[in-house]
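Novice: Take this structure first; my questions come after.
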Amino acid sequence: MPRWGMVIDLNKCTGCGACVVACKTELNVAIVGPEESGKGRTMLCMDIFTFYEGEFPNVKTRHMPRPCFHCDNPPCTKVCPVRATYRNEEGLVTQIYPQCIGCRYCQVACPYTVKFFNWSKPEWPKEMRKALNPDVSVRPDGVVEKCTFCVHRLQKAREQVAVENRELEEGDYVPACVEICPTGAMYFGDLDNAKHAVNKLKRSHRAFQVMEDLGTEPKVYYLSEMEIE
Amino acid sequence: MKNKDMIFALQVASITYIWIFVLGIAIWILNLIRVSYKLQDSFDASLAISIVAIPVFFVLAVILTYVFVGLRKGRKREDAYSAH
Amino acid sequence: MEISRREFLRLLGATGAGVSLAGLGCDSTWSVPDEMYERVVGAPGIETWKTSLCTLCPAGCGIKVRLIDGIPVAIGGNPLHPVNRGGVCPMANVGVEALFNPDRVTEPLRRVGARGEGKWEPVSWDEAIETVGSRLQGLRERNETNRLAFFTNHDNTLRSDLVARFMTAFGSPNLCVFGKNNASTLATYLTQGHKKPLSYDFKNIKLLINFGADFLDEGPSPVRFNQLYSEFRNRGEGRNVKIVHIDSRCSRTASISHEWLPVKPGTMAALALGIANVLIKDGQYDRGFVAANSFGFTDWKDRAGKVHRGFKALVEEDYYPEKVARITEIPARRIVELARTFATVESALVLAGGQAGNSSNGLYTLWAIECLNGLKGNYKDNGNISICQEPPFTELPEATMDEVSSKGLSRPGMTRSVTPFCFPENAVSLLPQAILQQHPYPIEVLFLANANPVFSATNQSDFVAALEKIPFTVSFNSFVDETSLYADFILPDHVFLEKYEVVHTVPTVPFSHLGMQQPVLEPLYNTRNTGDVLLQIARNIGGTVASSFPWPDYKECIQFHLQGIYERGAGTIFSERMDDAWLKFLKRRGWQVFEYSTFEEFWQVLLDNGGWWDPFPAETDFRTIFQTPSKRFEFFSQGLQREIRSQIPGTATGEEIRSLLQKWKIEARGDLAFLPHYESTRFDDSNPEFDLHLLPYNLITNIAGGGCVLPMMQELFGMLAREYWGSWIEFNPDTARKHGISEGDMVKVTSSKGSLEVKAKLLPTIKPGVVYMPVGLGHKAYGRFAKGIGVNPYEIFFEDYDSIGGVSSLTSTKVAVERIRGKEQA
Amino acid sequence: MADSHQTFFEDEELIRPIEQTGPGFYATVVVLLCVIAFAGYTYVRQVIYGLGVTGLAQPVSWGFYIINFVFFIGISHAGTLISAILRLSKAEWRRPITRMAEVITAIVLAIGGLHPILDLGRPDRMLHLFTDGRLQSPLLWDVTSITAYFAASTVYLYIPMIPDIAILRDRGIKPRWLYQFLSWGWQGTDHQKRVLERAINILMVMVIPIAVSVHTVISYIFAMTIQPGWHSTIFGPYFVVGAIFSGIAALLIVMIAFRKAFHLENYLKEIHFKYLSTLLLIMSILWFYFTFSEYLTAYYGHEPNEMRVILYKFFGAISPYFWLMGVCNFIIPLVILANPKTRTIPGILIASISVVIGMWLERLIIVVPSLANPRLPYPTGVYIPTLTEWSLFAGGIAVFILGYLVFAKLFPLISIWEIQEGRDHSIAEVTDRLTTYLPDQPLRKL
């Protein structure tokens, strides 16, 4: 069984935000509009953190894209009362929107705050609905959602390789954020497969996970920034 | 007496209801255990919880039944309306 | 474990087709918009990909559009395109939103309400073009073709060339291109003698010093620079490029640089010269280059035998590090350190932009910075800086002109007559003045394409007045922007996914290239490509104007241009990446990588692959690079000298030059005026209570203003700042404390031009005493997603201009801030 | 009806409210129904438009509904637990107050138990809890334990009420069939008394662990996550103490209110208030002790994420509520109740109301700050409830008052037979029992 995971090289990331946008379009995440955004209900499956270290003038600004970490030991799935979120056998922490009752327990249980709630029914102007991604359903209001590692692409890739009668290879299945990243800072693949780049990268001396001490075992690794020699 | 029959029927119904309720809960919990086993989703935890929960409900139902039946049985002969 | 697809989808919640919806009996009214539902329930869509080009900003990145049943749903980068190499910016990624934006102009419109009111009635294309044509015809009949003006934004498309040709053929000198001749172009002109964009080869550099150019969020190609910056940091052990960024705000570009020097606004010239000082004192500059290929480094004698001061003497005397430190507020030690690194690294490049060029001393600043490249000799044969090479398009015959046109064209342009600046063609901002004064003649017809000065000029109210004065204005925009609100006709252009276009010669790119834009779907509405409309208008006018444009439509015009490339067989169509050595080998032997039997085949492959490029630029030498009077790199600008002399009739006396400098508000006198120097910056000093510098900055979510029609970009406008659908103002925490402002407060920002209410953000990445506002929001038009969102800082910008270049200074604004209310009540 | 027992005259006051209804009652009911109707309207609106109508947002995605859920369930500990403990410890002064306490439990539990439903984004999918529930989730523990507690406490309320229902039945009060049905033919025979006594004894032993478990499990909703400020081992007992604390306060308020309204001065005497208020004071100190150790451990550990939450509570946007909570829950009860001069009925009322408010604030302080301060650098959340939440809160309180009033109109609020039993048997019994506590007489003589 593959264990899908991501490696994000912070030395390559420029914080351009293409991943954030690609994610929102790929997953048909609602554009909530100014009023709702003002209430803090902006929906982002992929997000970018900006850290400021130090005081002026010796400030270091760091950017850090944040998908769902798809923990191997996810605190969110444990608490779901209806099995609307669970870790599947390939390690993806998935959301089943038609199953979710909207209690938001998983949302509050996630130490990384990656989940968010559809506070209202997502609306698009009539003309723009045509441009939604038909591979992913639009969520109804009242359910929790989050980054899915674009699992619908895995399904498509599976069908594709079945047609071509071959094994799933690296690059067949890549989430939208990784695909769009203009600087190639994001890698995706099977963490356990030695043929995949992520397998090697996650063992780099620069690799770290966010809040490893929580024991959630995130499957998203970061490569820390390098100093210039 | 018609009134009396109706009341008796209500009382029988309530005891039945209590048992249906308790059995319903038990079946529900067992079903959840079954599902958790099927999906390999922390079967042990579910089992542990059910071990506590199900007896509690049964004890309650038993007590209620005991009281209801006991009170009816413990009546003086005849008329329920006369003062004790 | 075998699981059916249906089960899989059910469990995963990714409802890939109608399966899960049907399977779960999920209520369609609750979950899915109707259109979506139909598509989801219906047969699986056919997925196709089409190559095209994004022209939401002038960079023109190659894109691949994903279409489902012919409807574009997503945009990704074209990996074959050598400029953006498969990357796209956030804006391009949601470009389909521009296509489906519900507030597009769907048909030609005629104004019915008052100007600026935004009331329109639909008209037919024929009628609209007829009306416009007859207006132009009227000008020609009266022999006043010069009374047509064309406002457009600078971009690198063939349409720009077409517009220029149209204006020439029609006979008007009033083609006003916003943002074309900016301060950088002029700095190139002063040092290198031409106004073409420069290309840079970053292959071998070890150090990059960036003076204020926010390349990652704006500029020639943000995607390319994001990739380049990332690559600079990841070339591998010992080969990484050290990046030093100089700006008063730690922009995103600065944040991924290795060092950030927070310079006082408007003092970058001093810093550059301070670095030069250390270089010269240490003798660490490229002596060979400076001696052989530069002019004015050392003191020199003119023909009259007068000794002029050289760059070396100036810098040595006036810009020692301690003094520069006082001016720039950067410690002398760091200046020396930076200069020493710059001196010792074998290949180091200096770039400039942004704030450096947008101040009242912008030209001198950029000039001083360019001199660092001169000192380092970055123009060597295998060198870094060169002129961008255009693709070998078919040479167009000169536009034919009859008497009317020639006469109109020979009249002076509007700007030249009013501007108080040395380089008048840049002073587009002063157009309103000329139009209002009707000096030297009134403008009767105005064409607008893309340019939106009513939003983005510091003197926007003047533009409104001017637009109200012009009797007939035609806008070619796809949306009703602030400027188009004042138009009489709107002849809507297609959105970029619906039309043919060519983008070529993106500045800074070291190889010649062109990207092909093709329609990925039939136009959604009754819109027309502006190129086609211009051709139609030209045809309607007839005569020489019509004969200058022999093409039936714009597509054929493009094909005509490309014919030359096909015939010459130069370069190659974008293709899967090939081994560089192999390409070189082929080229040396004069072989083409690909051969096409017909032009149609060439055209088809060009469309499919997205463009053409010549990976190996022609060798250039100093003769072609330096077109200055001395044919060398000029530290002392004879070009400027000549330019100034040309503005004075007869032989210029020192007195006359002095008064001219006086008029341009230049402090320097004598030789100093012709040398790069630190000209102290002018600020709005009208009110001592205005104690903070207000500076603008751009975001990648709104490159060149293109984000305002994309709701996703409006929502994520400040995604790094976590400000959505709104503007903010950035303070250093110290500055904020002094003004009693805390994070999230609403503050009133007041300048001499007006005031804005905006949310405060406290960041340690801002120099104290300076406040920054992002630009791009605060529209008063442009559809539902833009109108009334955020504030537009340009509204309160102090109006001032670069003394020589005439470019708007965006660093001269001073403001007072006042806390209105706290976060809670916000 | 004609042959009313002699005791009826003795405790006539307790039956009077059932037999006579004044206009004040109807007025109150109308007002309450209006409040409830409005709450119903806002809830329907919420169902239609989604939870967007509330002030909840990212990251504070739990607000009033969860706060009120915990709060109401906390209040519910008034009854059954207190009455069971008092019964078990054979505290004779319990007799007039046990039922009042138990009624609070039953009604408030029903209200509190429904609050998570208000909080659901998709109440239409509630059934998923039954078809696809996961017992692993603390929410399901709650569903189970609250159901158990509700069942147990209604049974525990009802069974000791049977003799009183029989009295009402015998007085022919309408609806007669109801009392006939509910009295199960009670005639006070020895067998019946034995059955009843045995059942009560089992129940009161059983109900205590259930009650404790309920609030422990509610605390587990928070404590089972690894969020700073929630992930704490003492959360179980802390919640239980808080629950009993707020429960006693609520009981005191109800007692004072009905003492006044139903003129029960003869039954609810100074001594009851004295004892209960002493208990309240003890609980207040105990609550403080728990709060203190909770915050001290977190503060002393100085774990950054914990610290951010603590600093937010101490000095951040929510700090006024935090300190108000301290004043309401500790300072005011301590000052009023520790001083015999102020420990009067109005004083006790003030202290109780302050405790109820304070405990509600405590729930707020527990729920919101941890959510408002995510570990990663998201913007700090702000939570400002909207009219929807307020009206549903008001609705919840209105349902409670209405429920209590209706109950008081149907059944005696003070257990008549227990009072009688006390009069008839207990005095002797207590004397006997007391003597067993004391050292044997002969020894003393020696």
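As given, the protein sequences belong to chains U, C, S and H, one line each in that order.
Numbering-wise, the numbering used here puts 143 at position 143 of the first sequence, and it's gapless, one number per residue.
For the numbering used here, count along the second sequence from 1 and bump the result up by 1000.
For the numbering used here, count along the third sequence from 1 and bump the result up by 2000.
For the numbering used here, count along the fourth sequence from 1 and bump the result up by 3000.
Note that CB positions come from ideal geometry on N, CA and C, so glycine has one too.
Note that this is a predicted model, so its numbers are computed, not measured.
1) DSSP has His2504(S) in a bridge; who is on the other side?
2) Name, going along the chain, the residues of the stretch 87-98 of chain U whose beta-carbon falls closer than 9 Å to a beta-carbon of chain B.
3) Whose CA, out of Arg2539(S), Gly2531(S), Arg2568(S), lies closest to the CA of Pro2392(S)?
4) Of all the options Ser3246(H), Val3212(H), Ile3104(H), which has the alpha carbon lying nearest to the alpha carbon of Trp3287(H)?
5) For Leu2720(S), does the count of other Cβ atoms within 10 angstroms reach 16, so buried, or fall short, so exposed?
6) Using a Cβ-Cβ distance cut-off of 7 Å, determine whether Gly3133(H) contacts chain C.
7) Please identify the residue among Glu2097(S), Arg2235(S), Lys2306(S), Arg2722(S) whose C-alpha is closest to the C-alpha of Phe51(U).
8) Along the alpha helix (DSSP H) that carries His3128(H), what are the first and last residues, could you check?
9) Kindly confirm or deny that the stretch 2784-2803 of chain S and the stretch 76-87 of chain U touch, where touching means at least three C-beta pairs closer than 8 Å.
10) Tell me where the alpha helix (DSSP H) around Ile3357(H) begins and ends.
11) From Asp2069(S) to Trp2049(S), what does the alpha carbon distance come to, in whole angstroms?
12) How is Val2032(S) classed by DSSP in three states: helix, strand or coil?
13) Going by beta-carbon coordinates alone, are Ser2255(S) and Thr61(U) separated by less than 7 Å?
14) Taking C-alpha atoms, which residue in Tyr3295(H), Arg3176(H), Ile3085(H), Phe3314(H) lies nearest to Ile3234(H)?
15) So, does the CB of Val3195(H) fall closer than 7 Å to a CB anywhere in chain C?
16) Considering only their Cβ atoms, is the gap separating Asn2452(S) from Ser2429(S) smaller than 7 Å?
17) Indicate whether Asn2384(S) and Leu2349(S) have their beta-carbon atoms separated by less than 7 Å.
18) Going by DSSP, which residues form a beta bridge with Lys2301(S)?
19) What alpha helix (DSSP H) runs, 4 residues minimum, are completely inside the stretch 2092-2178 of chain S?
20) Counting only the same chain and skipping the five closest in sequence on each side, list residues whose C-beta sits under 6 Å from that of Ile3075(H).
21) Cα-Cα, which of Met1(U), Cys16(U), Asp9(U), Leu10(U) is closest to Asn2698(S)?
22) Quick one: list the residues of chain U neighbouring Trp3062(H), beta-carbon separation under 8 Å, in chain order.
23) Contact between the stretch 3371-3389 of chain H and the stretch 2797-2811 of chain S is defined here as three or more beta-carbon pairs at a separation below 8 Å; is this criterion met?
24) Can you give me, in chain order, the residues of the stretch 108-122 of chain U that have a beta carbon less than 8 Å from any beta carbon in chain H?
25) Kindly list, in the order they appear in chain H, the residues whose Cβ is closer than 7 Å to that of Phe51(U).
26) If you follow the alpha helix (DSSP H) that Lys2767(S) is in, where does it begin and where does it stop?
27) Could you tell me the boundaries of the beta strand (DSSP E) in which Met6(U) lies?
28) Can you grab the Cα-Cα spacing for the pair Val3053(H) / Lys3269(H), in whole Å?
29) Between Asp3011(H), Thr3080(H), Thr3028(H), Gly3403(H), which has its C-alpha nearest Met3204(H)'s C-alpha?
30) State the start and end residues of the unbroken beta strand (DSSP E) segment that holds His2693(S).
31) Using DSSP with H/G/I as helix, E/B as strand and the rest coil, what is Asp2062(S)?
32) Are the C-beta atoms of Glu2576(S) and some chain U residue less than 7 Å apart?
33) Using 8 Å as the cut-off, can you tell me whether the stretch 2504-2512 of chain S makes contact with the stretch 2480-2487 of chain S, which would need three or more C-beta pairs spanning the two stretches below that distance?
34) Taking the CB atoms as reference points, tell me whether Ala2466(S) and Ile2435(S) lie closer together than 7 Å.
35) Of all the options Pro182(U), Val163(U), Asn11(U), Ile31(U), which has the alpha carbon lying nearest to the alpha carbon of Met2713(S)?
36) At what residue ranges does the stretch 2518-2552 of chain S contain a whole run of the alpha helix (DSSP H), taking only runs of 4 or more?
Specialist: The relevant details are as follows:
1) Here the question's residue 2504(S) lines up with position 504 in the third sequence. Partner(s): Leu2514(S).
2) The displayed structure is made up of protein chains U, C, S and H, and chain B is not among them.
3) Numbered from 1 along the third sequence, position 392 holds the residue referred to as residue 2392(S). Nearest option by C-alpha distance: Arg2568(S).
4) As a working mapping, residue 3287(H) is identified with position 287 in the fourth sequence. Nearest option by C-alpha distance: Ser3246(H).
5) The count along the third sequence starts at 1 and reaches residue 2720(S) at position 720. Buried, since its Cβ has 16 or more Cβ neighbours within 10 Å.
6) Taking the first residue of the fourth sequence as 1, we reach residue 3133(H) at position 133. At least one chain C Cβ lies under 7 Å of Gly3133(H).
7) To locate residue 51(U), count along the first sequence from 1; it is residue 51. For Phe51(U), the nearest C-alpha among the options comes from Arg2722(S).
8) Within the fourth sequence, residue 3128(H) is the residue found at index 128, counting from 1. From DSSP, the alpha helix (DSSP H) with His3128(H) extends over 3128-3132.
9) no
10) The sequence position of residue 3357(H) within the fourth sequence is 357, counting from 1. Segment 3345-3372, the alpha helix (DSSP H) holding Ile3357(H).
11) Walking along the third sequence from the start, residue 2069(S) turns up at place 69. Walking along the third sequence from the start, residue 2049(S) turns up at place 49. Roughly 11 Å between the two C-alpha positions.
12) In the third sequence, residue 2032(S) corresponds to position 32, counting from 1. In this prediction, Val2032(S) has a pLDDT of 43, which is less than 50 and means its spatial position is unreliable; what the coordinates show is noted afterwards. It is coil, neither helix nor strand.
13) For the purposes of this step, residue 2255(S) is identified with residue 255 of the third sequence, where counting begins at 1. For the purposes of this step, residue 61(U) is identified with residue 61 of the first sequence, where counting begins at 1. Yes, the Cβ-Cβ distance between Ser2255(S) and Thr61(U) is below 7 Å.
14) Taking the first residue of the fourth sequence as position 1, residue 3234(H) is located at position 234. It is Tyr3295(H) whose Cα lies nearest to the Cα of Ile3234(H).
15) Locating residue 3195(H) in the fourth sequence gives position 195, where the first residue counts as 1. So yes, Val3195(H) belongs to the interface.
16) Here residue 2429(S) refers to the residue found at position 429 when the third sequence is read from its first residue. Here residue 2452(S) refers to the residue found at position 452 when the third sequence is read from its first residue. The answer is no: Cβ separation not under 7 Å.
17) By one-based count along the third sequence, residue 2384(S) stands at place 384. By one-based count along the third sequence, residue 2349(S) stands at place 349. Yes, they are a contact pair.
18) Within the third sequence, the letter at position 301 stands for residue 2301(S). BP columns for Lys2301(S) point to Val2307(S).
19) 2096-2100, 2125-2141, 2158-2170
20) For the purposes of this step, residue 3075(H) is taken as residue 75 along the fourth sequence, with counting starting at 1. Closer than 6 Å at the Cβ level, and outside the excluded window around Ile3075(H), lie Val3108, Ser3246, Gly3247, Ala3250.
21) The sequence position of residue 2698(S) within the third sequence is 698, counting from 1. The candidate whose alpha carbon is nearest that of Asn2698(S) is Cys16(U).
22) Locating residue 3062(H) in the fourth sequence gives position 62, where the first residue counts as 1. In chain order: Arg104, Val108.
23) no
24) Val108, Ala109, Pro111, Tyr112, Thr113, Phe116, Phe117, Asn118, Trp119, Ser120, Lys121
25) As a working note, residue 51(U) is residue 51 in the first sequence. Chain H residues near Phe51(U): Pro3377.
26) Counting from 1 along the third sequence, the entry for residue 2767(S) is found at position 767. Run containing Lys2767(S): none; DSSP gives neither H nor E here.
27) Translated into positions along the first sequence, residue 6(U) becomes position 6. 4-9 is the span of the beta strand (DSSP E), which, as asked, contains Met6(U).
28) Mapped onto the fourth sequence, residue 3053(H) falls at position 53. Mapped onto the fourth sequence, residue 3269(H) falls at position 269. Approximately 47 Å between the Cα atoms of the pair.
29) Numbered from its first residue, the fourth sequence carries residue 3204(H) at position 204. Residue Thr3080(H) is the option with its Cα nearest to Met3204(H).
30) What you label residue 2693(S) is simply residue 693 of the third sequence in a count that begins at 1. Segment 2692-2697, the beta strand (DSSP E) holding His2693(S).
31) As a position in the third sequence, residue 2062(S) is number 62, starting the count at 1. Here residue 2062(S) turns out to be Gly, not Asp, going by the sequence shown. Three-state DSSP puts Gly2062(S) in a strand.
32) What you label residue 2576(S) is simply residue 576 of the third sequence in a count that begins at 1. So no, Glu2576(S) is outside the interface.
33) no
34) Counting from one through the third sequence, the residue named residue 2466(S) turns up at place 466. Counting from one through the third sequence, the residue named residue 2435(S) turns up at place 435. Taking 7 Å as the Cβ cut-off, Ala2466(S) and Ile2435(S) qualify as a contacting pair.
35) In the third sequence, the residue the question calls residue 2713(S) occupies position 713. Ranking Pro182(U), Val163(U), Asn11(U), Ile31(U) by Cα distance to Met2713(S) puts Ile31(U) first.
36) 2530-2541, 2543-2547
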